[in-house]
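What follows is a set of notes on a single structure, which appears directly below.
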Ligand code: GLN
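In our numbering, the protein residues as written are 8 to 548.
In structure tokens:
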């Protein structure tokens, strides 16, 4: 058995250079060469997890099978690689300190002074090796969030340095993603990169590979200059240039520059043949697609690109599966509230998606959007909150329960069609926590959801607190609303479907977390498919 191998990915100059996608793309390439890869994200913030963080601040919260609420980069790993992702794959400063302090309280440091080095750094190394030292794993890619030079990342970089020192340069390598900015006049500047590498060197890490973000491909002389100043092999100065198409082309761009081969060589591993057919297929379909489905995304964090990251990506995957592109039309739900005729806002779209969310702002607008989609026969996919909105709309407009609402937004409403389980059945020790992670649902045979999945038992991830109230379930069903999915004990509604509508589905879970470009989630595949059909029907009708 060979040594376990580790790749640390750090970032330089500034944040938001796409470190997560870069790390995930390397993971994808190594998998294409047959290696068993694991991904770990380190977030230097003090929060224990991302669960309490606002999407305004930090983008989407990604949920794993075991119910960890993590950074959205885990979503990138899930889309690019086959690495299993659990609570173990997401490490934060908050967790590490919490674990060390817990041990200290238990007296496990035997009276010693507990310090950043070695106690915090040891714990960081343990957390990384807990993932990477599993028998089946070949290579673990550890992405260190933030930028080199941040105070918060110092202990993590120090842990990386120690791992390189302890396990050797042939087993642990450093990949540094950096920016080559363009100044007025068009010239590309290498100075910030030189400085950033200097900062890494000060910590004691010599990067092995540089991924240089720049508007266009770097010329040979510039790469030579960077190599010379940073002490990195010329071949290993890789050009991570901006692309027009999709992020799913990035593995191919890196592969053309031999990133995977160079990394394997530096890790002292054989270089088996690469099979990139799946990634080539995704890119080709994206580039050559003739049709475009216009999907309205109606939510309240619409202005922020990353708030519904996994939903955006899953739609794109649904497009690939239907050999088409998806154009997202982001509509702030409050615009429906202000519109004279809310249906007008949906005039040029082929489908409507209302994603998850918390808090009352913009809910009424979502209800109006759902109403318009139901009445106009526009395909609709409601995810979590988007499903609850469907139920509220149906109760208000079909059952005539004007004051129907969720107790999350209107605790005193007369008809709480969405409520906490404890309010429904008076168990006091049930609520207060969110339902998180993977669980099983049963789909009703013959309904559209069942058709989309092609099976009856499904496993999906959850992140919600409120439920469709069982007190209104029978009444809703009598009025036509189809309960398309339930928990195995039938206690909770997991999915609903509009009657007499081309395709209106709401699910209490989050299908977007399980979608991949190479294997679109069945629900997104079906949704984009019917949206294209709707488009064709409208244009010929
Ligand atoms: N706010 C709703 C709940 O807690 C929906 C959550 C979500 O959309 N993720 O049930």
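Heads up, the beta-carbon is just placed ideally off N, CA and C, and yes, glycines get one too.
Just mark residue i as buried or exposed, buried being the case when its beta carbon has 16 or more other beta carbons within 10 Å.
i, result
"residue 280", "exposed"
"residue 270", "buried"
"residue 191", "exposed"
"residue 17", "buried"
"residue 407", "exposed"
"residue 126", "buried"
"residue 117", "exposed"
"residue 90", "buried"
"residue 170", "buried"
"residue 219", "buried"
"residue 352", "buried"
"residue 26", "buried"
"residue 517", "buried"
"residue 501", "buried"
"residue 481", "exposed"
"residue 158", "exposed"
Leaving out five residues before and five after residue i in sequence, what residues of the same chain have Cβ atoms less than 8 Å from its Cβ?
i, result
"residue 537", "358, 386, 509 and 510"
"residue 461", "529"
"residue 344", "369, 371, 372 and 375"
Would you kindly work out how many angstroms separate the C-alpha atoms of residue i and residue j, rounded to a whole number?
i, j, result
"residue 147", "residue 420", "51 Å"
"residue 453", "residue 466", "19 Å"
"residue 492", "residue 120", "55 Å"
"residue 442", "residue 265", "44 Å"
"residue 382", "residue 478", "26 Å"
"residue 330", "residue 286", "14 Å"
"residue 168", "residue 50", "17 Å"
"residue 227", "residue 243", "12 Å"
"residue 75", "residue 447", "17 Å"
"residue 513", "residue 293", "28 Å"
"residue 494", "residue 473", "14 Å"
"residue 175", "residue 39", "25 Å"
"residue 111", "residue 321", "44 Å"
"residue 124", "residue 162", "8 Å"
"residue 436", "residue 201", "At residue 436, the pLDDT of 49 sits below 50, so the modelled position is not reliable; the number obtained from the coordinates is stated separately. Their backbone Cα atoms lie some 57 Å apart in a straight line."
"residue 109", "residue 129", "15 Å"
"residue 106", "residue 100", "10 Å"
"residue 469", "residue 188", "41 Å"
"residue 363", "residue 503", "15 Å"
"residue 102", "residue 53", "8 Å"
"residue 155", "residue 36", "25 Å"
"residue 211", "residue 93", "31 Å"
"residue 391", "residue 427", "14 Å"
"residue 438", "residue 498", "Confidence at residue 438 is low in this model, with a pLDDT of 43, below 50, so the placement of that residue should be treated as unreliable; the coordinate-derived value is given next. Using only the alpha carbons, I get a separation of about 15 Å."
"residue 206", "residue 45", "27 Å"
"residue 380", "residue 395", "15 Å"
"residue 114", "residue 104", "15 Å"
Leaving aside the five residues before and after residue i along the sequence, list all residues of the same chain whose C-beta is less than 7 Å from its C-beta, in chain order.
i, result
"residue 533", "459"
"residue 525", "285 and 289"
"residue 316", "66, 67, 79 and 82"
"residue 238", "213"
"residue 543", "none"
"residue 404", "378"
Quick one: residues in its chain with C-beta nearer than 6 Å to the C-beta of residue i, no 5 flanking neighbours on either side, listed in chain order?
i, result
"residue 20", "185, 186, 199 and 203"
"residue 11", "139 and 140"
"residue 248", "221, 223 and 224"
"residue 145", "42 and 43"
"residue 245", "218, 264 and 266"
Considering just the uninterrupted stretch of the alpha helix (DSSP H) at residue i, what are its terminal residues?
i, result
"residue 455", "455-460"
"residue 401", "392-404"
"residue 103", "100-112"
"residue 273", "266-273"
"residue 534", "529-547"
"residue 86", "80-87"
"residue 415", "It is not in any alpha helix (DSSP H) - residue 415 carries neither H nor E in the DSSP assignment."
"residue 291", "284-295"
"residue 484", "480-485"
"residue 320", "316-328"
Could you spell out where the beta strand (DSSP E) holding residue i opens and where it closes?
i, result
"residue 371", "Taken as a continuous stretch (DSSP letters only), residue 371 belongs to no beta strand (DSSP E), being part of the alpha helix (DSSP H) at 370-383."
"residue 444", "442-450"
"residue 35", "Residue 35 -> not in any beta strand (DSSP E); alpha helix (DSSP H) instead, spanning 26-39."
"residue 426", "422-426"
"residue 12", "12-18"
"residue 608", "With the chain covering only 8 through 548, there is no way to say anything about residue 608."
"residue 48", "44-50"
Report whether the distance from the Cβ of residue i to the nearest heavy atom of the ligand FAD is below 7 Å.
i, result
"residue 364", "Absence of the ligand FAD from the depicted structure is noted, with the ligand GLN being the only ligands included."
Can you list the beta strand (DSSP E) stretches of 3 or more residues lying completely in the stretch 139-209, in chain order?
146-151 and 179-186
Going along the chain, which unbroken runs of the alpha helix (DSSP H) with 4 or more residues stay wholly within the stretch 201-257?
Fully enclosed alpha helix (DSSP H) runs of 4 or longer: 227-237.
Quick check on the DSSP output: what are the complete beta strand (DSSP E) runs of length 3 or more inside the stretch 491-526, in order along the chain?
500-504 and 511-514
What beta strand (DSSP E) runs, 3 residues minimum, are completely inside the stretch 333-364?
358-361
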